[in-house]
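Some notes on the structure that comes next.
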Amino acid sequence: MPASAPSLSPEQLDELQSLLKDWLRLTGRTQSDLRRALRAGSIRMPVLLEELHRTYSHQGAAGLAERLCAIEAQWLAEEPGEDGDFAAAGDPMADSMGQLDLLLQEIRGDSGS
50 MPASAPSLSP EQLDELQSLL KDWLRLTGRT QSDLRRALRA GSIRMPVLLE ELHRTYSHQG
110 AAGLAERLCA IEAQWLAEEP GEDGDFAAAG DPMADSMGQL DLLLQEIRGD SGS
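With positions in the sequence shown counted from 1, the corresponding number in my numbering is that position plus 49.
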């Protein structure tokens, strides 16, 4: 086990925040939905990011990606059918899953250097 836990740089945290905002918008979800999925103490973005950073510190990039993908799978299983725009927007789930894949690749690329 390394002496220090892996940590996201400020730039990576900014990118993660942008990804989360886009992901929530594309999936028709809110920060409150993400708070519930993460079991975080607040819906504020810094608190959500802190929870995800904790996951990254303990499990690395793969653990972070797995946690986000598990949340995505949970949301897909819930099928929030009340938002008419959600269904009419094409395939936002495919777009958001693509973003999660890109995040994982980017984090792996950054940590592999």
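All C-beta atoms, glycine included, are put in the ideal place defined by N, C-alpha and C. As the structure is a prediction and not an experimental result, all values here were calculated from the model.
Cut-off 6 Å between Cβ atoms - residues of its own chain near residue i, not counting five sequence neighbours on either side
i: D132; result: Confidence is the limiting factor: at D132 the pLDDT is only 46, short of 50, which leaves the residue's position unreliable and the question unanswerable from this model.
i: Y105; result: L57 and L113
Residue interval of the alpha helix (DSSP H) (run including residue i)
i: G112; result: M94 to E127
i: T38; result: Missing from the structure shown is residue 38; the chain here goes from 50 to 162 and no further.
i: R85; result: Q80 to L87
Spatial neighbours of residue i in its chain, beta-carbon cut-off 8 Å, leaving aside the 5 residues before and after
i: D82; result: L73 and W124
Whole-Å CB distance - residue i paired with residue j, under 8 Å assumed
i: L149; j: L117; result: 5 Å
i: G109; j: P59; result: Not really, about 18 Å apart at Cβ, beyond 8 Å.
i: L69; j: H102; result: No, L69 and H102 are not in contact; Cβ-Cβ is about 12 Å, not under 8 Å.
Residue i versus residue j - alpha carbon distance
i: R88; j: I120; result: 11 Å
i: T79; j: E127; result: 14 Å
i: H26; j: I156; result: The chain is shown from 50 up to 162; residue 26 falls before or after that span and cannot be answered.
i: R93; j: D71; result: 16 Å
i: R85; j: P95; result: 15 Å
i: P65; j: A122; result: Reading off the sequence shown, one finds Leu at residue 65, where the question assumed Pro. Each residue's Cα considered, the two are about 19 Å apart.
i: A111; j: S67; result: 19 Å
Own chain residues within Cβ distance below 7 Å of residue i, not counting five before or after
i: G90; result: V96
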